[in-house]
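All letters in the sequence shown, in the order written, are residues 395 to 622 by the working numbering. Ideal Cβ positions, reconstructed from N, Cα and C, are used throughout, including at glycine. The structure appears right after this line, and notes come after that.
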Amino acid sequence: MKRISEILLIASTKFEVNQIIEFFSLMKESNNNLKSYKYKNLNVDVLISGIGIPSTTYLLTKILLKKEYDLAINVGICGSFNKSIKVGDVVNVVEDEFADIGITEANNNFTSLFDEGFIKENEFPFINRKLISNFSGNLISLKEVKGITVNSTSGNYEQIKMRKAKFNADVETMEGAAVAYVCLIENVKFIQIRAISNPVEPRNKDNWNIPMAIKNLTNSVVKILQNL
């Protein structure tokens, strides 16, 4: 197996990686979105992709067309549908899918592009409608979970109930499937590491713990880099 040396770390916001990059040495600042660092024997480029699918898809594609990476690591915080996955837990999202690209019916039911036949279930890069992680290296025994990616987060009981029933996902993000989609098409190995900052429920910040999620995310990502 080829030795991993070129890493692309992708986060939607800078605050999600601020503690991680404290372990790195800055080598080059290309622009506000992209900086290059050194960590031990690894060259680590950090991309701040912006929140959401459009910005992430554009900026990641632009970078991957310019430079080859051995591994892309999508990191950040997320919400959990699964009551057994608690706030502060760090997970490895091994499969993801776009959960709100489709059609909302008059009865409020949602049908995806797969349901409507616009995309075949196993049309590249999808496998049974999913985007599957293509990296099998040492991930410090993180729990493997299923994710969905949305343009707007789940914020009311009916929406949450529908998404749970239709997708049976453990976690929800706003960028994960975008990273997976681009990396699979460009044949780049990737993983998605997320820390739970909140349960997926009607918005209630009293149940959030972003500082703990960021701290635990940092510890896990640094350990992963140490093991590469």
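Q. Residue ranges of each beta strand (DSSP E) run of no fewer than 3 residues wholly in the stretch 559-586, ordered along the chain?
A. For the stretch 559-586, the continuous beta strand (DSSP E) assignments of 3+ residues that do not extend past its boundaries occur at 565-567, in sequence order.
Q | Cα-Cα separation between E489 and V469, rounded to whole angstroms | A | E489 and V469: Cα-Cα distance of roughly 15 Å.
Q. Taking C-beta to C-beta, are D464 and S424 nearer than 8 Å?
A. No, the pair does not count as a contact, with Cβ atoms beyond the cut-off.
Q) Below 8 Å, can you find three or more Cβ-Cβ pairs linking the stretch 579-589 to the stretch 606-613? A) Cβ pair count under 8 Å is three or more, so yes.
Q) Exposed or buried, D439, counting other C-beta atoms within 10 Å across all chains shown (16 or more means buried)? A) Within 10 angstroms of the beta-carbon of D439 lie 16 or more other beta-carbons, which makes it buried.
Q. Considering T455, what are the terminal residues of the beta strand (DSSP E) in which it resides?
A. For T455, no beta strand (DSSP E) run applies; the uninterrupted alpha helix (DSSP H) run containing it begins and ends at I447 to L458, by DSSP.
Q.
Could you check whether the stretch 560-577 touches the stretch 533-544, counting it as contact only if at least three pairs of C-beta atoms, one from each stretch, sit closer than 8 Å?
A. In short, these stretches touch, since the Cβ pair count reaches three.
(Q) Check this for me: beta carbons of N603 and V487, under 8 Å apart or not? (A) Taking 8 Å as the Cβ cut-off, N603 and V487 do not qualify as a contacting pair.
**Q.** Sequence-distant residues of its chain with Cβ nearer than 6 Å to S337 (five each side left out)
**A.** This structure cannot speak to residue 337, because the chain is shown only from 395 to 622.
Q: Tell me whether T505 counts as near the ligand GTP, meaning its Cβ is closer than 7 Å to at least one heavy atom of that ligand.
A: Within the structure as shown, the ligand GTP is missing, as the structure has no ligands at all.
Q. My guess is that F584 and N528 are in contact by the Cβ rule of under 8 Å, so how many angstroms apart are they, rounded?
A. At roughly 7 Å, the Cβ-Cβ gap stays under 8 Å, so F584 and N528 are in contact.
Q | Local conformation of D490 per DSSP, three classes | A | Annotated three-state conformation of D490 is strand, per DSSP.
**Q.** Buried versus exposed, by CB contacts within 10 Å (16 or more), G570
**A.** Under this definition G570 is a buried residue.
Q) Closest by CA to L453, which one among L428, E410 and G473? A) Minimum Cα distance to L453 is reached at L428.
Q | Those runs of the alpha helix (DSSP H) which lie wholly inside the stretch 516-557 and span at least 4 residues | A | The DSSP assignment places no complete run of the alpha helix (DSSP H) inside the stretch 516-557 (cut-off: 4 residues).
Q) Between E515, S478 and L402, which lies nearest to Y433 when the distance is taken from Cα to Cα? A) Taking only the C-alpha atoms, the option nearest Y433 is L402.
**Q.** Nearest residue (CA-CA) to I534, options N522, T455 and Q620
**A.** Minimum Cα distance to I534 is reached at Q620.
Q.
Quick check: what's the CA-CA separation for I554 versus V411?
A. Note on geometry: alpha-carbon atoms of I554 and V411 lie some 28 Å from one another.
Q. Quick one: what does DSSP say V615 is sitting in, helix, strand or coil?
A. Three-state DSSP puts V615 in a helix.
(Q) If you reduce the DSSP assignment to three classes, tell me which class D439 lands in. (A) Residue state, collapsed to three classes: strand.
(Q) Can you tell me where the beta strand (DSSP E) holding I414 begins and where it ends? (A) Looking at the DSSP string, I414 is not in any beta strand (DSSP E); the run it does join, the alpha helix (DSSP H), is N412 to I415.
Q. Quick one, which of K558, N516 and E552 has its alpha-carbon nearest G473's?
A. Cα-wise, what sits closest to G473 is K558.
Q) Taking just the CA atoms, how far does T407 sit from G446? A) C-alpha separation (whole angstroms): 10 Å.
Q: Give me the Cβ distance between F504 and V594, rounded to the nearest whole Å; I'm assuming they're in contact under 8 Å.
A: Not really, about 16 Å apart at Cβ, beyond 8 Å.
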